[in-house]
Every structure is written in C-alpha cells, then in structure tokens.
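All remarks here apply to the structure that follows.
Numbering (this note's numbering), first residue to last: 107 to 408.
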C-alpha cells in the first residue's frame, strides 16, 4: 500500500474511531444506567453492554496499532509489541462478530416461537446463561486466535525488511482462508441471517393475521416488537456489507501479500460506528436521548 494512501486512511480512521467510541460509550452508559435503576441486567442489556465495550476497546487498540505502524517507519518498536496488538485486535474482532450474532439470536428466540420443541429447549438454555455464553465467546476468541498469531509471528518478523512494520504475514494461507475466516466471520453471518429470516417470516405472518382480524376496516397496527425487528434487519444488512469488505480485503492480502489490513480495519470501524447507532435505535428511550444530545450539540454551533 502506498504511504500516501495509508496516511489518508489513518486520518479518516481518526474521525471514524472518535464517532464510534462516542456511540458505543453512549450505548454502554444507557444500559448501565438501566442496571443502576433496576439493580440487575436484562439479558439484552448485558449483551449490548458487552458489545459496546468490546467495540470501543477494539477501536482504541486498532488505532494504536495503526498509529504505531504509521509513525514507526524504521521499525524501531519491537515486533513482539505489534504481534501482541494484532492478537488483541483479531481476538476482539472475532468476539465482536459472535456477540453480535448472539444478540440477534437472542431477539429471534424472544420474538419467534419455533415449532421444534427440542430446538426451543436449547434456545431457552442458552438465553438463561447469557453471561456464561458471553464469557465463553470471549475466551474462545482469544484461544482460537493465539495459534494463528504465534505460528505466524516468526514468519512476520522475517518479512519486516520487505513489508511495513506491524504487518502480519500469514504463512498457511489455505488454513487461514478455509478455517479461520469461516469460523470467525462467516459462521456469525449465517447465525445472523438465519435469525433475521426467522424474524422477517414471523413479521409477515403477524401482518397477515392482523389484516385478517381487521376485516379491511382499518390498517393493522404493529406491536412494539417492530422497532426491534427493524433494528435486527438493518444490523444484519450493515454486517453483511462489512463482512464482504473484510473477507475480500483479507483474501486479496493473503493471496498477493499486500497490506490491506488497514482497509479491513476501516470497514470494521465503520461497522462498529453504525452498529452503535442501530443499537441505540432499537430502544425508543435510548434513541430519544441520543437525539436530544445531538440537538444540544448542534445548538452549540449556530
């Protein structure tokens, strides 16, 4: 990647990451305020808190790595430091995607009644242990990424003369593309799409029943679930766009040994910023509070 392009991405990411951190901090504080008021977390609030905390921390670590890589042209910083940051970035990114999938799975299980009794029991067992599931996602994200980073760290260090500092050079490209990407990025997308389709089918059936009951005298009114339905569908669409960008960038980077990780990271930053807005929209009180803060901010600059 040309130095000018890398510098431009660094500047663009500065603004995106600030907006993303603010949005995710807002989501975290709103859910934490609800916890302080009630004395306990609802499962969806706990998942949103974990999602926003991981998103914000991921943005900070990614910007730190990008800044070090941009400023350290002579590779004075130890490669072990870069490898440690990359381990955190890849692990948090995996956890972010799987927790997002878990959030949509949660809403799907709450909204849609599955006809399969065994499947419903599995859903209930998972939802009753949301903290355990979140801890397991976080733990396995790190344990799954450690071998990838460690096995390629020596190969990466040997390539610092021909590659820019901090770049991860994957030695086993076939394993990376056939195992790592599907497990960390594509499988969460499958869960999200399945959950979204279930919610969409439920919505269509719900509308059909409402129209049948109204007998054509007045238009049917949707339940309060509609806001959550819109949130999950939009979140899935945004995720799929970010996923396509991420997979394409990482695939081309692996095949051609190009440095496209910044572009993939920028796509992830845009996704975390957009997801914070979408999560805020999912709850009316949060959206109203965010709109109020925005109006107050705009009023400062007449």
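Glycine is no exception: its CB is placed at the ideal position from the N, C-alpha and C atoms.
query                                                                                                                             : result
Check: residue 392 C-beta below 7 Å from any heavy atom of the ligand ZN                                                          : What this structure holds is no ligand at all, so the ligand ZN is not there to describe.
Residue 129 versus residue 379: straight-line alpha-carbon distance, rounded                                                      : 6 Å
Check whether residue 195 and residue 239 have beta carbons under 8 Å apart                                                       : no
Rounded separation between residue 141 and residue 173 - CA only                                                                  : 36 Å
Cα-Cα separation, residue 252 to residue 291                                                                                      : 17 Å
Nearest candidate by alpha-carbon position, reference residue 336, set 305, 120 and 231                                           : 305
Distance between residue 111 and residue 201 (C-alpha atoms, nearest Å)                                                           : 29 Å
Span separating the alpha-carbon of residue 344 from that of residue 376                                                          : 9 Å
Candidates 215, 147, 399 and 137, of which the one nearest residue 230 by Cα                                                      : 215
Sequence-distant residues of its chain with Cβ nearer than 6 Å to residue 204 (five each side left out)                           : 243 and 294
Rounded separation between residue 323 and residue 309 - CA only                                                                  : In this prediction, residue 323 has a pLDDT of 49, which is less than 50 and means its spatial position is unreliable; nothing more can be read from the coordinates.
Range of the contiguous alpha helix (DSSP H) that encloses residue 179                                                            : Counting along the chain, residue 179 falls outside any alpha helix (DSSP H), and DSSP gives it neither H nor E.
Unbroken stretches of the beta strand (DSSP E), 3 residues or longer, contained in the segment 136-173                            : none
Beta-carbon separation (whole angstroms), residue 342 vs residue 299, contact threshold 8 Å                                       : 6 Å
Three-way DSSP call (helix, strand, coil) for residue 460 in this model                                                           : Nothing can be reported for residue 460: it is not among the residues displayed for the chain, which extend from 107 to 408.
Check whether residue 352 and residue 373 have beta carbons under 8 Å apart                                                       : yes
Proximal residues to residue 197 (C-beta, below 6 Å), its chain only, five neighbours per side dropped                            : 247, 248 and 251
Three-way DSSP call (helix, strand, coil) for residue 307 in this model                                                           : helix
Coil, strand or helix - residue 198 by DSSP                                                                                       : helix
Residue 255 versus 347, 120, 177 and 187, residue with shortest Cα-Cα distance                                                    : 187
Neighbour-count burial assignment, residue 237, 16 or more Cβ in a 10 Å radius                                                    : exposed
Chain-order list of residues whose beta-carbon lies under 6 Å from that of residue 125 (same chain, five-residue window excluded) : 379
Backbone secondary structure at residue 407 - three-state DSSP                                                                    : coil
Exposure label - residue 332; buried when at least 16 CB within 10 Å                                                              : exposed
Alpha-carbon spacing of residue 233 relative to residue 307, whole angstroms                                                      : 21 Å
8 Å Cβ cutoff met for residue 155 and residue 134                                                                                 : yes
Proximity below 8 Å, CB of residue 395 to CB of residue 136                                                                       : yes
Cβ shell of residue 393 (< 6 Å), same chain only, five flanking positions each side left out                                      : 386 and 387
Reference residue 206; option with closest CA among 391, 179 and 381                                                              : 381
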